[in-house]
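Colleague:
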Amino acid sequence: MLYDVGMRITYSYDRPAAGGRHLLRLLPADLPGQQRLVSGLLSVSPAPAERSEMVDFFGNYGTEIIFRDLHDEIEFRVDARVERFAEPSGLDISPPLSGLAAEIAEYRSLDPDSPLHFLWSSARVQPTPEMTDYARAHVFDGITAFSAVLAIGRALFRDMEFDAEATTVETLAKEAFARRRGVCQDFAQIMIAMLRGIGVPAGYVSGFLRTNPPPGQPRLEGADAMHAWVRAWCGRDMGWIEFDPTNDLVVSLDHIVIARGRDYGDVSPVRGILRIAGDQTSEQAVDVIPVGAGY
Amino acid sequence: MRPRDGLAAQDAIARLLADYHPLPGVADELLDQTGRIRPVWERFMAHLAALPPEELSARFARGDQYLRDAGVFFRQYGDDNSSERAWPLSHIPVLIDEAEWNTVAEGLIQRADLLEAVVADLYGPNRLVGTGQLPATLVGRSPEWLRPLVGVPPRSGHHLHFLAFELGRGPDGTWWVLGDRAQAPSGAGFALENRMATARVFAELYAEANAHRLAGFFRTFRDALHGLCEDHREPRVAILTPGPLNDTYFEHAYIARYLGFMLLEGEDLTVEKGHVMVRTVGGLMPIDVLWRRLDAAFADPLELNSGSRIGTPGLVGAVRRGNVSLVNALGSGILETRALLAFLPRISMALRGEPLRIPNIATWWCGQPVERAHVRANAARMMIGSALSTRLPFDLDSATGIGGQGRGPEEIDAWIESEGPALVGQEAVTLSTTPAHVDGRLVPRPMSLRAFLVRTARGWEVMPGGFARIGRTPDPTAIAMQRGGSAADVWILGPGPTQSVTMLPEPSVAQPRLKQGALPSRAGDNLFWLGRYIERAEGMMRLLRAHHIRLAETGDPDAPLLTYLDRHLGDVGLDPGQEIPDGLRATLSAATSSAGQVRDRFSTDGWMALNDLSRTARRMAGTARAGDDCARAMGVLLRKITGFSGLVHENMYRFTGWRFLVIGRAMERSMEMAGLLAWLGAPDAPDGALDLAIEIGDSVMTHRRRYAAATTRETVIDLLALDGMNPRAILYQMGEVRNQVALLPGADVNGQLSRLSREVMRLHTDVATQLPEGLDTDALLDLRDRLFDLSGLLSETYLG
Numbered sequence: 001m002l003y004d005v006g007m008r009i010t011y012s013y014d015r016p017a018a019g020g021r022h023l024l025r026l027l028p029a030d031l032p033g034q035q036r037l038v039s040g041l042l043s044v045s046p047a048p049a050e051r052s053e054m055v056d057f058f059g060n061y062g063t064e065i066i067f068r069d070l071h072d073e074i075e076f077r078v079d080a081r082v083e084r085f086a087e088p089s090g091l092d093i094s095p096p097l098s099g100l101a102a103e104i105a106e107y108r109s110l111d112p113d114s115p116l117h118f119l120w121s122s123a124r125v126q127p128t129p130e131m132t133d134y135a136r137a138h139v140f141d142g143i144t145a146f147s148a149v150l151a152i153g154r155a156l157f158r159d160m161e162f163d164a165e166a167t168t169v170e171t172l173a174k175e176a177f178a179r180r181r182g183v184c185q186d187f188a189q190i191m192i193a194m195l196r197g198i199g200v201p202a203g204y205v206s207g208f209l210r211t212n213p214p215p216g217q218p219r220l221e222g223a224d225a226m227h228a229w230v231r232a233w234c235g236r237d238m239g240w241i242e243f244d245p246t247n248d249l250v251v252s253l254d255h256i257v258i259a260r261g262r263d264y265g266d267v268s269p270v271r272g273i274l275r276i277a278g279d280q281t282s283e284q285a286v287d288v289i290p291v292g293a294g295y
Numbered sequence: 001m002r003p004r005d006g007l008a009a010q011d012a013i014a015r016l017l018a019d020y021h022p023l024p025g026v027a028d029e030l031l032d033q034t035g036r037i038r039p040v041w042e043r044f045m046a047h048l049a050a051l052p053p054e055e056l057s058a059r060f061a062r063g064d065q066y067l068r069d070a071g072v073f074f075r076q077y078g079d080d081n082s083s084e085r086a087w088p089l090s091h092i093p094v095l096i097d098e099a100e101w102n103t104v105a106e107g108l109i110q111r112a113d114l115l116e117a118v119v120a121d122l123y124g125p126n127r128l129v130g131t132g133q134l135p136a137t138l139v140g141r142s143p144e145w146l147r148p149l150v151g152v153p154p155r156s157g158h159h160l161h162f163l164a165f166e167l168g169r170g171p172d173g174t175w176w177v178l179g180d181r182a183q184a185p186s187g188a189g190f191a192l193e194n195r196m197a198t199a200r201v202f203a204e205l206y207a208e209a210n211a212h213r214l215a216g217f218f219r220t221f222r223d224a225l226h227g228l229c230e231d232h233r234e235p236r237v238a239i240l241t242p243g244p245l246n247d248t249y250f251e252h253a254y255i256a257r258y259l260g261f262m263l264l265e266g267e268d269l270t271v272e273k274g275h276v277m278v279r280t281v282g283g284l285m286p287i288d289v290l291w292r293r294l295d296a297a298f299a300d301p302l303e304l305n306s307g308s309r310i311g312t313p314g315l316v317g318a319v320r321r322g323n324v325s326l327v328n329a330l331g332s333g334i335l336e337t338r339a340l341l342a343f344l345p346r347i348s349m350a351l352r353g354e355p356l357r358i359p360n361i362a363t364w365w366c367g368q369p370v371e372r373a374h375v376r377a378n379a380a381r382m383m384i385g386s387a388l389s390t391r392l393p394f395d396l397d398s399a400t401g402i403g404g405q406g407r408g409p410e411e412i413d414a415w416i417e418s419e420g421p422a423l424v425g426q427e428a429v430t431l432s433t434t435p436a437h438v439d440g441r442l443v444p445r446p447m448s449l450r451a452f453l454v455r456t457a458r459g460w461e462v463m464p465g466g467f468a469r470i471g472r473t474p475d476p477t478a479i480a481m482q483r484g485g486s487a488a489d490v491w492i493l494g495p496g497p498t499q500s501v502t503m504l505p506e507p508s509v510a511q512p513r514l515k516q517g518a519l520p521s522r523a524g525d526n527l528f529w530l531g532r533y534i535e536r537a538e539g540m541m542r543l544l545r546a547h548h549i550r551l552a553e554t555g556d557p558d559a560p561l562l563t564y565l566d567r568h569l570g571d572v573g574l575d576p577g578q579e580i581p582d583g584l585r586a587t588l589s590a591a592t593s594s595a596g597q598v599r600d601r602f603s604t605d606g607w608m609a610l611n612d613l614s615r616t617a618r619r620m621a622g623t624a625r626a627g628d629d630c631a632r633a634m635g636v637l638l639r640k641i642t643g644f645s646g647l648v649h650e651n652m653y654r655f656t657g658w659r660f661l662v663i664g665r666a667m668e669r670s671m672e673m674a675g676l677l678a679w680l681g682a683p684d685a686p687d688g689a690l691d692l693a694i695e696i697g698d699s700v701m702t703h704r705r706r707y708a709a710a711t712t713r714e715t716v717i718d719l720l721a722l723d724g725m726n727p728r729a730i731l732y733q734m735g736e737v738r739n740q741v742a743l744l745p746g747a748d749v750n751g752q753l754s755r756l757s758r759e760v761m762r763l764h765t766d767v768a769t770q771l772p773e774g775l776d777t778d779a780l781l782d783l784r785d786r787l788f789d790l791s792g793l794l795s796e797t798y799l800g
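Protein chains in written order, with the UniProt record's numbering: chain A, 1 to 295; chain X, 1 to 800.
#1: Could you confirm whether any beta carbon from chain A is found closer than 9 Å to the beta carbon of X:P148?
#2: Just the C-alpha distance for X:F788 and X:L690, rounded to the nearest angstrom, thanks.
#3: How many angstroms separate the CA atom of X:G140 from the CA atom of X:T434?
#4: Does A:E53 pass the burial test, meaning 16 or more other C-beta atoms within 10 Å, or should it be called exposed?
#5: By Cβ distance below 7 Å, which residues in the same chain neighbour A:I66 in space, the five residues on each side in sequence not counted?
#6: Specify whether the segment 156 to 171 of chain X and the segment 129 to 148 of chain X touch according to this definition: at least 3 beta carbon pairs, one from each stretch, less than 8 Å apart.
#7: Report yes if the C-beta distance between X:P421 and X:L799 is below 9 Å; otherwise report no.
#8: DSSP on X:H21, reduced to helix/strand/coil?
#9: What are the residues of the segment 228 to 244 of chain X that lie near chain A, defined by any Cβ-Cβ distance shorter than 9 Å?
#10: I'd like to know whether the C-beta of X:G622 is nearer than 9 Å to at least one C-beta of chain A.
#11: Take X:D11 as the anchor and find which of X:P22, X:G408, X:A49 has the nearest alpha-carbon.
#12: Does X:W491 come out as helix, strand or coil in the three-state DSSP assignment?
#13: Only counting the same chain, and skipping five residues up and downstream in sequence, which positions put a Cβ closer than 7 Å to that of X:Y564?
#14: Strictly under 9 Å for the Cβ-Cβ distance: is X:S389 near chain A by that measure?
#15: Can you name the start and end residues of the beta strand (DSSP E) that residue 801 of chain X belongs to?
#16: List the whole-angstrom C-beta distance separating X:L315 from X:V271, where the pair is believed to meet the contact cut-off of C-beta under 8 Å.
#17: Closer than 8 Å by C-beta to X:A337: which residues in its own chain qualify, once you throw out the five before and the five after it? Chain order, please.
#18: Using a Cβ-Cβ cut-off of 7 Å (strictly less than) and excluding sequence neighbours within five positions of A:L281, which residues of its own chain qualify?
#19: Taking Cβ to Cβ, would you say X:G465 is nearer than 9 Å to X:W491?
#20: Under 6 Å Cβ to Cβ from A:D56, same chain only, skipping five residues before and after it: list those, please.
#21: Cβ of X:G124 within 9 Å of Cβ of X:G157?
#22: Buried or exposed: which applies to A:G142, given that a residue is buried once 16 or more other Cβ atoms fall within 10 Å of its Cβ?
#23: Below 7 Å CB to CB, which residues in the same chain sit around X:A693 once its five sequence neighbours on both sides are set aside?
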C-alpha cells in the first residue's frame with residue numbers, strides 16, 4: 001500500500017521566544033520488510049540557524065534544529081511517500097505467557113530490537129499493582145503471550161474512554177488509568193505498563209493512520225493527528241507484533257510508523273528547549289492518502 | 001631522641017594508648033596483632049606522645065582555624081533543608097608504608113585498565129553481554145547505561161581519565177575495593193585540604209616525615225587535561241559543576257582556583273555548530289575539555305534527562321561529533337553499579353587472563369539461582385540492596401541494610417525471590433580501625449580510604465595519598481560524613497626524603513595564560529549584582545541611621561522631616577517601623593547569594609566578611625531598639641560593609657570580573673543619589689531636608705569647607721550630583737562607570753565605540769555639563785531612569 005503523508009504542526013508563542021533548540025522525530029521510518037520511506041521531506045519555518053540529522057539508539061530518524069533569532073511561530077511540515085507492506089497473518093506461534101520469561105532469560109543482546117529494553121519501568125511508564133492486577137484479571141492459565149496481548153488490549157479498549165480533554169502530554173500511565181480516560185498516548189502507555197507488569201516486553205510506537213478508511217469501514221480514532229500504539233514481544237519465533245488499543249486492532253496496512261521506543265519520551269515528536277515567557281499553543285493537521293487507489 | 005629519654009618516651013606512648021583497644025577480629029592500622037606499634041607509625045607516635053595535651057589542642061585548633069579561614073565546608077542534607085557545616089577533620093592522619101602502597105597502586109592501575117575495557121565494550125561491541133559474561137538485564141536496566149552514547153567513541157580514545165576507588169582493609173590485613181567511582185569522583189580536592197590542615201597541625205614532623213607530597217599529582221592531572229585539548233598552545237579546560245547547592249561545590253570551586261580552570265555551570269555553555277562554547281563577557285569562546293562534576297544523565301536535557309535544569313542542551317551532539325572531551329565520558333557511571341562487582345573478577349580473567357590483584361568486596365547478584373540461594377542462606381551476614389544502585393556499600397539507604405534491616409527471615413526470602421534480579425547481596429564489610437583523637441583520648445575508629453588515579457600519556461598515575469573517612473563510632477556503617485563521620489589525611493611514608501613538588505611552574509614549561517575576557521557571563525552577572533546589592537545595602541544603612549538619629553533627637557516620630565524621610569524609606573523597600581528592616585536583610589542575603597555563585601573568583605576573606613555582615617544583621621534584628629541604639633547598630637554595620645568594600649578595592653586583582661563589580665556599585669550609587677536628591681531636594685520638602693541629604697551623602701564636612709554660605713539647594717546639588725571629586729556624587733560615579741566600561745572587552749570595535757560606550761559617554765557628558773539649577777526633581781528622576789536603561793543595556797551586551 002502506497003501513501004502520501006502530509007503533516008503540519010505549528011507552535012505559536014504569546015511572546016516571542018529568544019531562541020530554541022529542538023529534536024524532531026517526525027519523518028516516517030524505513031523498516032525492512034514492513035515499511036519503506038520512498039521520499040520524505042521535513043521543512044521548518046522560519047529557517048533554523050542550524051540543522052543536523054541523526055539516528056537515535058532505537059534507529060529512529062532525528063533532526064536537531066536551532067533557532068537563534070526571536071520568533072513567535074514555528075511550523076514543521078512533513079511531506080512523505082511511504083509504502084507499507086502486507087505483514088504475515090497473525091498466526092499465533094507465541095509461547096505460553098508463562099514460558100516467555102525463560103526465552104527472555106536466554107536473550108544475550110542489547111541490540112535496539114532486543115526485548116530486554118522493554119521489560120521494566122521507563123521514565124513515563126511505571127507498572128503499578130493496580131494495572132498489573134487488571135492485566136492478570138484478563139489472562140488465564142495457559143494463555144499464549146500473543147493472546148494475552150490481544151486480551152489486555154481489547155479490555156482496555158472496552159473500559160477506557162477516548163477523551164482529548166482528560167489528560168495532557170505529561171500525564172503518566174497510572175494517572176490516566178485511574179481516570180479510565182485519555183488519548184492514544186495514554187491508551188498506549190497504560191497497555192505497555194500492563195504488559196510489562198505481567199512480563200511481556202512492550203514498547204511505544206508513534207505514527208500516522210490513514211485518514212479515510214477503505215469503503216465500508218469506520219473511520220479510525222486518531223486519524224487527524226499523530227497517533228500512537230503498542231508493540232509487544234511475543235517470543236523468539238513470533239517476535240514483535242503491534243497492537244492499537246485506541247482502535248482495538250492488530251496493526252497492519254493502515255498504520256505508518258514514525259518512531260519506536262520504550263515510551264513517549266523516547267519518540268516525542270518535538271522535544272524542545274526554549275526560553276519563552278508567555279503561553280504557547282500548538283496545532284497539527286495530518287493527511288494520509290492512499291496513492292492511485294481512487295479513494 | 002637521646003637514650004636516657006627512651007624510657008620516659010615509652011611511658012608517654014603507653015599513656016597515649018591507655019584507651020586504645022582494637023576490637024577482636026578487626027585489623028588495626030596502628031597496632032599489629034600482638035599489640036605492638038607498626039613500624040610506619042613509630043616516629044609519629046613518639047612525636048605525638050611528646051606533645052603535652054594543651055599543645056596538642058592548640059595544634060588541632062590551628063588546623064581547624066586553617067580550614068575555617070580557607071572556607072572549607074561541606075553541605076549536609078537534612079529532612080527538608082541543607083546547610084553548610086564546618087569541615088570535620090580527624091586530625092590524626094592515616095599512615096601507610098610506601099612499599100605497601102606501591103602494591104596497592106599496582107592493583108588499582110590494573111583495575112582502572114579493566115574498567116576502561118568494560119566501559120568501552122558496553123558502549124561499543126557489547127561482547128561481554130553477547131558472551132554472557134555480563135547479564136544483559138543488568139546493563140539494559142541500568143539508568144546509567146545511556147543509550148544515546150552507545151556507539152559513540154570518545155574523542156580521546158578513552159572513556160576514563162580520572163578515577164577513584166573506595167578501599168577498606170579486611171580482618172586479615174589485605175585491602176579490598178569497596179566500590180568504584182567513575183562517574184564524577186569527588187574527594188581529591190578535599191584530600192588536598194586535609195593535607196594542608198594536617199601539615200599545619202604536625203608541621204615539624206611533616207617536614208621531615210618523608211611523606212609523599214600531593215602537588216605533583218595535581219600537576220600531572222592538570223597537564224593530562226591540557227593534553228586532551230586539540231590545541232595544546234591554548235588549552236580550554238573547564239570544570240562543569242551542578243552549582244552551589246551541590247554537596248561538594250566547595251571542592252569544585254577550590255580545585256578550579258587551584259588548577260586555574262574556569263568553573264562553569266550548564267547554562268554557561270551553549271553548543272554551536274557542534275562545538276561547546278562558553279558564554280563569556282567577551283562573546284562565545286570554545287571549550288575543549290570538560291571535567292564534569294555533574295551526573296551524566298543531567299548533562300543534556302535534549303537527549304538525556306529532559307527534566308534537567310542544570311544541563312547544556314546539545315552536549316551529547318557535540319560529543320557525538322567528536323568536538324569535546326568529557327572527563328569522564330558520559331555514560332561511565334554504569335561502572336559504579338553495585339552488581340558489576342559480582343562479575344568483575346571473572347571478566348578480568350576473560351578479558352585480560354589475570355585475576356584481580358586487589359579483590360573487590362564479595363558480591364552476589366540475586367538474578368541467578370545459585371547466587372540467590374547463597375544470599376538467602378547467608379542473609380544475616382550480608383548487606384542486601386539494589387543491584388543497580390551506584391552508592392557505596394556503607395552508604396546505606398532505606399532499601400539496603402545488613403541482614404535486610406529489620407526484616408524477618410521469611411520476609412527476606414520472599415523479598416529475594418520476588419525481586420531477585422533487582423538485588424545484590426554483599427558481604428558485610430569489617431573495616432580496619434585507625435587512631436582518632438576523641439575527647440582527649442586516642443581511640444580506634446573504622447576507616448575507609450579513597451584513592452585517586454589519573455590517566456596520563458604514559459598510563460595511570462596514582463595519587464600518593466588519599467581521602468580517608470573515619471567513623472564516628474566503632475560501627476563501620478557510620479562512616480559516611482552525612483552520618484557524622486569525619487575525614488582524615490593519608491600519608492604515604494617512604495624510607496628516605498620524597499621529592500617535593502609544588503604547583504609553581506618549572507621555568508622551562510610555558511604557562512598558558514587564559515585570555516582576558518574569559519569571564520563567563522553568569523559570573524559577570526553575579527559580580528555586577530553583588531556590586532549593586534552591596535551598595536544598595538550600604539545606602540539603606542545610611543538612610544536608616546539618619547532616621548534613627550532624627551528619632552533620637554526629636555523623640556517625635558510624627559515630626560514633619562521624619563515622616564517625609566520615612567516615605568522615601570518606604571519607596572526603597574524599608575519599613576521604618578522595623579528596627580532592622582526585612583528589606584535590608586533581604587538585600588544582604590541577595591548579595592551573599594550572588595557571591596555564593598562565584599566562590600571560585602572570590603577571596604575567602606571577602607566571603608567571610610559578607611557572611612559576618614549577614615550574621616550580625618540577623619543578630620541585631622532581635623535586640624536593637626529604635627532610636628539611638630539602632631543608629632549605633634547601623635554604624636556597626638556600615639563599618640563592616642565598608643570593610644568589605646575595602647577588601648574588594650585593595651585586594652582584588654583588576655580582572656574583568658572586578659570591573660563588573662565596580663560598575664554595578666557605581667551605577668547603584670548614582671541611581672540612589674538621584675532618587676534621594678529628587679526627594680529631599682524637592683520644592684515642597686520640609687525644613688532640614690537638604691541637611692539631611694548632606695548627612696546621608698556622608699558629605700557634612702566637605703560641604704562646610706567648600707561652601708561658606710548656608711545650605712541651599714544649589715550647594716547640595718553641586719556637591720552630591722555635579723562634583724567630580726566627591727565619591728558620593730553622581731558625576732564622580734559616572735566617571736567611574738565610563739572608565740571601567742572603556743576597559744571591558746569589545747568597548748570599541750575597530751576604533752568605533754560600542755553602543756554601551758556611547759550611551760555611557762553621553763550620560764556622563766550630560767551630567768558634567770549640567771548646572772545645579774538645571775537639575776531639578778524632574779531632571780533627577782529622568783537621570784535615574786536613564787541609569788536604569790544603562791544597566792539594562794549593560795546586561796544585554798555582556799551578561800545575557
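A virtual CB, placed ideally from N, CA and C, is assigned to each residue, including glycine.
Modeller: If we stick to the structure as given:
#1: yes
#2: 25 Å
#3: 41 Å
#4: exposed
#5: R21, P48, A49, E50
#6: no
#7: no
#8: coil
#9: none
#10: no
#11: X:A49
#12: strand
#13: A685, P686, A689
#14: no
#15: For residue 801 of chain X there is no data in the structure shown, the boundaries of chain X being 1 and 800.
#16: 6 Å
#17: A small fix is needed here, since residue 337 of chain X is Thr in this sequence, not Ala. For X:T337, where only same-chain residues beyond five positions count, the Cβ hits under 8 Å are L138, S142, E144, A387, L388, S389, T390.
#18: According to the sequence shown, residue 281 of chain A is Thr rather than Leu. The residues are S12.
#19: yes
#20: G62
#21: no
#22: exposed
#23: L676, L677, L680, G681, V716, L720
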